[in-house]
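Novice:
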Amino acid sequence: MTDRSLIRFFLGFTRHYKWRFLLAFALMPVYAALMSITPIVTQRAIDFGIVEGDLKYTIAAGFVYLGLVLLAFVTMIVQNISMQSAGIRTLAGIRAKVMRHICFLGKDRYDKQPLGVYVSRTTSDVEAIGETMTAGLTNLIGDALLILFIFINILLVNVQLGLWTLILLPLLILIVDIFRRILRRLFDQIRTINGRLTARINEALTMVFELQNFNMTTAFMADFEKQNNKYRDKNIQTISHEALLFSIIEGMSFIAIGAVLILIARSSLLDDGLRIGGIVAYIQWLWLIFPPIKQMGGRFAVLQSALAAVNKIHQVMSIPLPDDTGTESADSTDLELQNLSFSYIRDEPVLNGIDLQVAPGSSLAIVGPTGSGKSTIIRLLTRQYDLGPDNGEILLGNTSIRQIPRQRLKETVVLVPQEPSIFHETVFYNIALNRPDVTEARVEDICRDIMADEFIRQLPDGYRTVLDSEGTNLSMGQRQLIALARALASPAEILIFDEATANIDTRTEIMIQKALDYVMQRKTTILIAHRLSTIRDVDTIVVLHKGQIVDRGSHAELLARPGLYRKMYELQTRFNH
303 MTDRSLIRFF
313 LGFTRHYKWR
323 FLLAFALMPV
333 YAALMSITPI
343 VTQRAIDFGI
353 VEGDLKYTIA
363 AGFVYLGLVL
373 LAFVTMIVQN
383 ISMQSAGIRT
393 LAGIRAKVMR
403 HICFLGKDRY
413 DKQPLGVYVS
423 RTTSDVEAIG
433 ETMTAGLTNL
443 IGDALLILFI
453 FINILLVNVQ
463 LGLWTLILLP
473 LLILIVDIFR
483 RILRRLFDQI
493 RTINGRLTAR
503 INEALTMVFE
513 LQNFNMTTAF
523 MADFEKQNNK
533 YRDKNIQTIS
543 HEALLFSIIE
553 GMSFIAIGAV
563 LILIARSSLL
573 DDGLRIGGIV
583 AYIQWLWLIF
593 PPIKQMGGRF
603 AVLQSALAAV
613 NKIHQVMSIP
623 LPDDTGTESA
633 DSTDLELQNL
643 SFSYIRDEPV
653 LNGIDLQVAP
663 GSSLAIVGPT
673 GSGKSTIIRL
683 LTRQYDLGPD
693 NGEILLGNTS
703 IRQIPRQRLK
713 ETVVLVPQEP
723 SIFHETVFYN
733 IALNRPDVTE
743 ARVEDICRDI
753 MADEFIRQLP
763 DGYRTVLDSE
773 GTNLSMGQRQ
783 LIALARALAS
793 PAEILIFDEA
803 TANIDTRTEI
813 MIQKALDYVM
823 QRKTTILIAH
833 RLSTIRDVDT
843 IVVLHKGQIV
853 DRGSHAELLA
863 RPGLYRKMYE
873 LQTRFNH
């Protein structure tokens, strides 16, 4: 995108605070005008006060000078407060909107993009924009106005001096523009590398024991250091260009002052009425004009960093959210899969012609070898992925789930994953999830029913115990019981369990199994099962193989006839013994 398009995109976030921004921008020319006329007061004080020996005039000019500086100081304070307060509010709005957009992205986007990239968008990129709003953009505009007003005042004092000053401006603008383009490219590269670095850090922190377990830490660090060195080198390049720009403008300021003094001495300006006060005022203007020109390079660097960050945020905000235009509600909890087919990659079907019916209050187990399509069915049932027009249909009652908004669907269908997420919050929060209708009494009743109450009360503060992030102070079985309680506290009538008894010991498996039996008596239950011994009591078992249903029936019926289910069961039985 062009810089203009990015600025237009950014301004869309500022409209709620436009009056604060307008006040700040309105005060910028006031401050610039006040500062630009102080050399005129100096000129008058010298030419008509000091040179003429008029003490009263000199004192009066001094008070006027102090008044202008004080007024400029107050103007700057009000302008900065207005800009920064509006900027902070805008940043909070940007972060919230980006976070909301990311949270509603489809699962396919998370499968394609490392999590750390999204972390970078909501942290460092937003902070880069904030730095510009509170420093870069404000000062850039203020500096430009100050330069403009100073140039106008120089022309009013002496046209020839103004024209000499004008010769410098195109050269300075050309230099700044060249560096602006270079810095923009560098900052774009820095933002990209920073996103990759954040992703790698996130991976390392979440999989540190896995890296250690497979002795991959050294190899991982080699790759990390390669990315880190790229990030370092790009930052060094950026700083070098900023320093070079700063030095060029600094040098030009001294050269300009020396050149002007020589020109005044060799020209007829002194004979044309330019007095000593005018020369002092002109030098004062030069001292006022060069710092903003010198700093403008840095302002442009900050602005280019922010535009690079805005570009990254725009890329995320441009990712289309999953289609959620449906307005229907489920007219019943009768669940039906009609001729369901699906492919992640074209011409490589994962599911092919799946037909299933799940009556309200019944239980269904889906089993099969790895890669048979079990997890894909879950993703489609929960709309993590959406069906295309030729992929068959999933119905709740007579309503396609594509016509049911996702949030409304979650009120009917809830997934309990194999590795449940635990928030760094209390046990009560982790179960109730801030639902106003879920009271402490209800949570305690649910936990007693699924036999989770006993271990919860043994925690330091019971239901008010704050759990570690990802539940590291709980066992896997305890985390699954909390996830099960969370599902029961929801209004959903259809619960889907993904390998609920995987990765736990036998004692915990028995506890989880009893909890599942309790659930199956009260809710429509779908289980993705690995341990076939845990699904003896479900109403129907469906056997998947290579994306197709190859058998179905009860546990006893499937064991009574030759087939994949019996082979899997016999294999597991031999393995367990």
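Following this note's numbering, the numbering of the sequence shown begins with 303 at its first residue and continues without gaps. Note that CB positions come from ideal geometry on N, CA and C, so glycine has one too.
Can you tell me which residues form a DSSP beta bridge with ARG854?
Specialist: According to DSSP, which records beta bridges pairwise, ARG854 is partnered with VAL844.
Novice: Ignore the nearest five residues each way along the sequence and tell me which others in LEU546's own chain have a CB closer than 8 Å to its CB.
Specialist: Within the same chain, LEU546 has close Cβ partners PHE481.
Novice: Please specify which runs of the alpha helix (DSSP H), each continuous and at least 4 residues long, are wholly inside the segment 654-685, giving them in chain order.
Specialist: With a minimum length of 4 residues, the continuous alpha helix (DSSP H) runs that stay inside the segment 654-685 are 676-683.
Novice: Would DSSP call TYR359 helix, strand or coil?
Specialist: The answer is helix: DSSP assigns TYR359 an H, G or I state.
Novice: Pick from LEU860, VAL353, ALA326, GLN823: whose alpha carbon is nearest that of VAL582?
Specialist: Considering only alpha carbons, the answer is VAL353.
Novice: Just curious, the alpha helix (DSSP H) that ILE784 is in, first and last residue?
Specialist: That run of the alpha helix (DSSP H) goes 778-791.
Novice: Which residues in the same chain as GLN539 place their Cβ atom closer than 8 Å to its Cβ, once the five residues preceding and following it in sequence are excluded?
Specialist: Once the five neighbours on either side are set aside, the close Cβ partners of GLN539 are LEU488.
Novice: Exposed or buried, GLU872, counting other C-beta atoms within 10 Å across all chains shown (16 or more means buried)?
Specialist: With fewer than 16 Cβ atoms within 10 Å of its Cβ, GLU872 is classed as exposed.
Novice: With a Cβ-Cβ cutoff of 7 Å, do PRO341 and GLN586 count as a contact?
Specialist: Against a cut-off of 7 Å, the Cβ pair of GLN586 and PRO341 comes out as a contact.
Novice: Since ILE591 and ILE452 are thought to touch, with beta carbons under 8 Å apart, how far apart are those beta carbons, to the nearest angstrom?
Specialist: Yes, ILE591 and ILE452 are in contact; Cβ-Cβ is about 5 Å, under 8 Å.
Novice: Have a look at ARG493, ILE484, ILE404, GLY553 and flag the residue whose alpha-carbon is nearest the alpha-carbon of LEU470.
Specialist: That would be GLY553, whose Cα lies nearest to the Cα of LEU470.
Novice: Please return the same chain residues whose Cβ sits closer than 8 Å to the Cβ of PRO651, not counting the five positions on each side in sequence.
Specialist: Hits under 8 Å: SER643, PHE644, SER645, GLY849.
Novice: Going by Cα to Cα distance, which pick from GLY355, LEU393, ALA335 is closest to THR316?
Specialist: The candidate whose alpha carbon is nearest that of THR316 is LEU393.
Novice: Where does PRO651 sit, in a helix, a strand or coil, going by DSSP?
Specialist: Correct three-state label for PRO651: strand.
Novice: Closest Cβ-Cβ distance between THR540 and chain D: below 7 Å?
Specialist: Reference to chain D is not applicable here, since this structure consists of a single protein chain.
Novice: Please classify GLN709 as buried or exposed, where buried requires at least 16 neighbouring CB atoms within 10 angstroms.
Specialist: Exposed: under 16 other Cβ atoms inside 10 Å.
Novice: First and last residue of the beta strand (DSSP E) that includes VAL716?
Specialist: Residues 715-718.
Novice: By alpha-carbon positions, which one of VAL669, ASN700, ASN654 ends up nearest to ASP692?
Specialist: Checking every option, the nearest Cα to that of ASP692 belongs to ASN654.
Novice: According to DSSP, is SER634 part of a helix, a strand, or is it coil?
Specialist: Three-state DSSP puts SER634 in coil, outside helix and strand.
Novice: Helix, strand or coil: which one does DSSP assign to LEU735?
Specialist: Coil, per DSSP.
Novice: Between ASP490 and ALA610, what straight-line distance do the alpha-carbon atoms span, to the nearest angstrom?
Specialist: When rounded, the distance between both Cα atoms is 5 Å.
Novice: Can you check which of these residues, THR701, ILE696, ALA817, is closest to ALA754 by C-alpha distance?
Specialist: Selected option, being the one with the closest Cα: ALA817.
Novice: On the DSSP bridge assignment, give the partners of PHE799 in chain order.
Specialist: BP columns for PHE799 point to VAL718, LEU829.
Novice: Give me, in chain order, the residues of the same chain whose beta-carbon lies closer than 8 Å to that of GLU772; leave out the 5 immediate sequence neighbours on both sides.
Specialist: Hits under 8 Å: SER723, ILE724.
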